[in-house]
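Scroll down for the structure; my scribbles are underneath it.
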Ligand code: ASP
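In the numbering used here, the protein residues as written are 1320 to 1648.
Set out below in structure tokens:
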């Protein structure tokens, strides 16, 4: 049986309704393990508590803690499961994919839309499926949830209530859960490179969503603040209104990267397609291509913590670090 370390971070699965009817953290990891006696038939499980919080309260310091914990235990276990709230699970999955480069083991994030003591909770099945995915032994960072097996840094939470809470619209799933979990990917060659732990993130970034009428003065205030990087969710294929162009240029001169991603649910930047995209490119905007918001923002935070200068960040966004982006050539 494979040895698996579960890192417990809370989320709905471990919550209970309080007397006002609100779900809040309640159960602990040992309660969870008691509910799933089958686990010990399919793997040798150890469990450690990281936090027990609603994942809305996650901070980059917790990503750092999880990354270090995995790196410290990498030779002791054949895989890792992170029990996590769904709200920011895709951010954690993305952040870990940068913090743990050349990861030679499978890491699965999972949780539940329904608490473990609700009739019909999905969390127990999700946890069992997470173990079965690890048993395939294929290194990657996965989100296993409902019927989906997704690449973590390509996934997004798409529903607040469906038991299939996640999808990865710009990339095919890595597998599916039918009667059993089935992976579509082939076993990767054994990695010769050593695990590279780079667990730091710079949280001083801002994410803006464009809309018709948005006053550039608000972005201007951000550029003049302590902010170290901006993600701009643009129209369509990376299109930016004319009244934002000089601001982006000024940000670039101040060594403040402005990364452009698409507002489209299914979308990639193609900034040469329209003049309004090309203008932004000309003044230094950095195309985020088909990255999710979760991947782009955590990559920017990670890049700023490790490289800083805008040209280094540009190079980083031109590089596929952990399968988070499609770059042809
Ligand atoms: N608010 C919860 C969380 O992210 C939602 C969930 O776990 O499904 O912790």
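We treat Cβ as the ideally placed atom computed from N, Cα and C, and that holds for glycine.
Treat the numbers as computed from the prediction; the structure is a model and nothing was measured.
query, result
"Cβ-heavy atom distance, residue 1378 to ligand 1, below 7 Å", "no"
"Closer than 7 Å: residue 1407 CB and nearest ligand 1 heavy atom", "yes"
"Contact set for residue 1377: own chain, Cβ-Cβ below 6 Å, skip 5 residues either direction", "1407"
"Cβ-heavy atom distance, residue 1413 to ligand 1, below 7 Å", "no"
"Closest Cα partner of residue 1619 within the set 1640, 1455, 1568 and 1474", "1640"
"Cβ-heavy atom distance, residue 1330 to ligand 1, below 7 Å", "yes"
"Cβ distance (whole Å) where residue 1400 is taken to contact residue 1449 below 8 Å", "5 Å"
"For residue 1535, the three-state DSSP class (helix, strand or coil)", "helix"
"Heavy atom of ligand 1 within 7 Å of residue 1481 beta-carbon", "no"
"The segment 1522-1535 / the segment 1495-1504 touching (three or more Cβ pairs under 8 Å)", "no"
"Residue 1364 versus residue 1413: straight-line alpha-carbon distance, rounded", "24 Å"
"Coil, strand or helix - residue 1495 by DSSP", "strand"
"Every unbroken alpha helix (DSSP H) within the segment 1381-1412, with a cutoff of 4 residues, ordered by chain", "none"
"Residue 1375 beta carbon near ligand 1 (any heavy atom closer than 7 Å)", "yes"
"Proximity test, residue 1555 beta-carbon vs ligand 1 heavy atom, cut-off 7 Å", "no"
"Through-space distance from residue 1438 to residue 1605, alpha-carbon basis", "48 Å"
"Neighbour-count burial assignment, residue 1494, 16 or more Cβ in a 10 Å radius", "buried"
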